[in-house]
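Protein chains: 2
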Amino acid sequence: MKLEAILSPLELPALGKRDLRETVCVVFDVLRATSTFVTALHNGAKAIVPVSEISEALAIKKNQPDVLLGGERNGIRISPEGIDFDLGNSPREYTPEKVRSKTIVSTTTNGTRALRACFGAKIVLASSFLNLSATAKFLRQKNFGDILLVCAGTEENTAIEDVLAAGALCEILSSSATVGTLSDSAETALLTYTQTKSDLATAIGNSQNGRRLLVIPELRDDVAFCLQRDIFPIIAKMETNGAIRRG
Amino acid sequence: MKLEAILSPLELPALGKRDLRETVCVVFDVLRATSTFVTALHNGAKAIVPVSEISEALAIKKNQPDVLLGGERNGIRISPEGIDFDLGNSPREYTPEKVRSKTIVSTTTNGTRALRACFGAKIVLASSFLNLSATAKFLRQKNFGDILLVCAGTEENTAIEDVLAAGALCEILSSSATVGTLSDSAETALLTYTQTKSDLATAIGNSQNGRRLLVIPELRDDVAFCLQRDIFPIIAKMETNGAIRRG
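This is how it looks when you write it as structure tokens:
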């Protein structure tokens with residue numbers, strides 16, 4: 000098993016030139032897209048359809064009125080042309096009562112871009128601290144050849160919470176005899192995690208996204224929520240049509 | 000002072016879209032291009048002209064026969080069309096006897112690409128562990144606004160020795176009151192360095208480039224050479240024509 004990581008969203012376009020057919024991609028957008036997806040699927044959502052643009056979400060809703068629309072821009076729930084989105088982007092909103100048996104169309108710029116960059120891979124998973132061990136268990140059981148950890152980042156920048164989750168997954172996978180080499184990028188993620196794991200809350204609280212969320216009263220608890228380790232024993236798998244389901 | 004880092008060479012093309020006029024770029028290609036440049040300049044070389052292609056080096060030599068040609072491909076000194084290059088890419092070859100008062104045209108793929116990506120920046124420095132404190136001293140004296148640490152990497156990949164040198168520079172600069180915020184990428188470099196600084200030789204020995212060099216008998220000592228801290232009290236500054244001189 001070879002472990003590699005993409006630490007910046009600016010590395011994503013180059014994925015299009017690679018043959019990913021034998022590679023398993025694991026996408027992290029810890030604050031908050033992939034944490035929200037995993038929470039929703041654990042709480043019974045049928046599928047998540049990630050889209051980049053609000054207009055894409057509205058177009059799907061027009062054809063399938065029973066989908067829920069989720070997402071936010073700058074921490075505020077979206078209300079285009081008087082249509083209220085059903086959900087924001089806080090995982091704590093995605094309760095069983097709200098999401099059970101529902102398909103959720105979720106707008107997320109970086110999460111969608113990262114997931115779409117992995118199209119063509121053998122398997123694409125969306126992961127987070129919330130289901131890290133379940134993701135690792137799946138990867139170890141199958142003994143895949145190449146694993147690419149994709150840190151979705153924020154706008155054009157590396158987001159350290161994604162690097163830390165990727166590093167935490169490296170730590171679990173490295174403890175297995177099946178892992179051969181770590182690329183320098185995967186090693187960077189692992190070392191960054193090792194240095195901070197005794198106090199992840201501080202490391203992520205100082206990050207660009209952490210600082211942004213912690214000053215918004217309604218959203219600040221999302222940071223602690225998304226740092227919870229292994230509360231959901233599920234994997235989230237992207238289908239070839241781009242929808243994400245419980246695997 | 001704002002500190003930011005580019006951890007992968009795949010992030011370089013996006014630099015072309017940024018306004019770097021108020022940014023100081025510091026380029027690291029620790030194994031071995033920038034370490035070699037700094038060594039050569041310390042030992043009296045007049046200038047280094049980094050080029051990507053062997054053909055570029057030969058074209059310059061044709062017009063300026065007194066330049067020295069330096070570089071290697073896969074650890075072997077270059078001998079195209081029967082013309083021996085004067086120097087390989089090992090910093091230990093760049094002795095005062097060989098390089099004093101000479102202009103050296105040096106072929107290095109990633110180093111050149113990283114330096115060229117910084118064209119238009121306020122100042123561009125080539126740095127390494129060998130002159131890290133001198134680089135930091137220069138940056139602190141001038142109290143620049145934005146500093147971008149550029150890890151040149153290897154081919155399309157992150158090279159951890161570049162991340163570690165960038166992290167070491169972050170550590171020095173962070174200890175100064177003049178540093179405001181670290182981007183998540185700079186923080187990743189700093190944490191990676193903090194985790195490994197007590198045994199950098201092992202961390203770099205396990206890296207992609209470290210492993211490659213350590214199995215070549217004539218080059219293995221380059222790894223330990225390039226890890227030496229602050230043996231050269233100079234800075235290496237790129238001019239607008241792309242040549243690098245002692246600053």
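Chains as they are written, first to last, in numbering that gives the first Met the number 0: chain V, 0 to 246; chain Z, 0 to 246. Backbone N, C-alpha and C define an ideal beta-carbon position, used for all residues, glycine too.
What residues of chain V sit near residue i, judged by a beta carbon separation below 7 Å?
i        : result
Z:THR256 : This structure does not reach residue 256 of chain Z, given that chain Z is present from 0 up to 246, and the question cannot be answered.
Z:ILE159 : ASP183, GLU186, THR187
Taking residue i as the query, report the chain Z residues whose CB atoms sit under 7 Å from its CB, ordered along the chain.
i        : result
V:VAL162 : THR187
V:ASP28  : The contacting residues do not exist; V:ASP28 stays about 13 Å from chain Z at best.
V:THR191 : THR187, LEU190, THR191
Could one say the Cβ of residue i lies closer than 7 Å to chain Z's Cβ atoms, at least one of them?
i        : result
V:GLU10  : yes
V:ALA13  : yes
V:THR195 : yes
V:SER206 : yes
Taking C-beta pairs closer than 8 Å, name the residues in chain Z that residue i reaches, listed in chain order.
i        : result
V:ASN156 : SER182, ASP183, SER184
V:LEU6   : LEU6, SER7, THR157, SER184, THR187
Nearest to residue i by alpha carbon, out of the options?
i        : options                                : result
Z:ALA56  : Z:ASN156, Z:THR102, Z:ILE122, Z:PHE27  : Z:THR102
Z:ALA32  : Z:THR153, Z:LEU213, Z:LEU163, Z:VAL178 : Z:THR153
Z:GLY119 : Z:ARG245, Z:GLY246, Z:MET237           : Z:MET237
V:PHE36  : V:ALA223, V:GLU92, V:SER174            : V:GLU92
Z:ILE53  : Z:ASP85, Z:THR94, Z:PRO232, Z:THR201   : Z:ASP85
Z:ASN42  : Z:PRO90, Z:SER51, Z:ARG72              : Z:PRO90
V:ASN130 : V:LEU14, V:LEU11, V:ARG245, V:GLU186   : V:ARG245
Z:PHE224 : Z:ALA167, Z:LEU11, Z:THR38             : Z:THR38
Z:ILE233 : Z:GLY70, Z:ALA133, Z:ALA158, Z:SER34   : Z:ALA133
Z:SER206 : Z:ILE171, Z:LEU138, Z:ALA158           : Z:ALA158
V:ARG99  : V:SER197, V:ALA44, V:SER175            : V:ALA44
Z:LYS97  : Z:ILE82, Z:THR239, Z:LEU40             : Z:LEU40
V:LEU199 : V:ARG76, V:GLY166, V:ALA13             : V:GLY166
V:ASN240 : V:VAL50, V:PHE231, V:ILE230            : V:VAL50
Z:ASN142 : Z:GLY110, Z:ASN88, Z:SER175, Z:LEU124  : Z:SER175
Z:VAL162 : Z:ARG76, Z:GLY87, Z:THR187, Z:THR108   : Z:THR187
V:ASP229 : V:LYS136, V:ILE146, V:ARG211           : V:LYS136
Could you pull out every residue in the same chain whose Cβ sits closer than 6 Å to the Cβ of residue i, ignoring the five residues on either side in sequence?
i        : result
V:ALA242 : ALA46, VAL48
V:ILE203 : GLU160, GLY209
V:ALA164 : PHE27, VAL29, PHE128
V:LEU181 : LEU2
V:ILE122 : VAL23
V:GLY144 : GLU21
Z:ILE82  : none
Could you name the residues of the same chain whose beta carbon sits closer than 7 Å to that of residue i, not counting the 5 residues immediately before and after it, in chain order?
i        : result
V:GLY179 : MET0, LYS1
Z:LEU213 : GLY204, ARG219, VAL222
V:GLU155 : PRO8, LEU9
Using 7 Å as the limit for Cβ to Cβ distance, is residue i near chain V?
i        : result
Z:LEU147 : no
Z:LEU172 : no
Z:SER127 : no
Z:SER34  : no
Going along chain V, which residues have a C-beta under 9 Å from residue i?
i        : result
Z:SER175 : Going along chain V, no residue has its Cβ under 9 Å from Z:SER175, so there is no contact; the nearest lies around 18 Å.
Which bits of chain Z does residue i rub up against, with CB to CB less than 9 Å?
i        : result
V:SER105 : Neighbours of V:SER105 on chain Z: none; closest Cβ ~23 Å, over 9 Å.
Does the beta-carbon of residue i, which I'm using as the reference point, lie nearer than 6 Å to any heavy atom of the ligand COA?
i        : result
V:SER206 : Here there are no bound small molecules, and the ligand COA is not part of this structure.
Just to confirm my understanding: we take residue i, look at its own chain, exclude 5 residues before and 5 after, and list those with CB closer than 8 Å. What are they?
i        : result
V:SER184 : GLU3, ALA4, ILE5, LEU6
Z:LEU11  : ILE5, ARG112, ALA113, ALA116, VAL149
Z:SER126 : VAL25, VAL26, PHE27, THR33, VAL37, THR134, ALA164, LEU168, ILE234, ALA235
V:LEU189 : GLY166, CYS169, GLU170, SER173, LEU181
V:THR108 : SER51, GLU154
The stretch 16-24 of chain Z in contact with the stretch 54-67 of chain V per 3-pair CB rule at 8 Å:
no
Sufficient close CB pairs (3 or more, under 8 Å) joining the stretch 218-234 of chain V to the stretch 192-208 of chain Z
No, because fewer than three Cβ pairs between the stretch 218-234 of chain V and the stretch 192-208 of chain Z fall closer than 8 Å, the two stretches do not touch.
Determine contact between the stretch 65-74 of chain V and the stretch 94-109 of chain V, defined as no fewer than three beta-carbon pairs at a distance below 8 Å.
yes
Validate contact between the stretch 108-120 of chain V and the stretch 24-42 of chain V using beta carbons, cut 8 Å, 3 pairs:
yes
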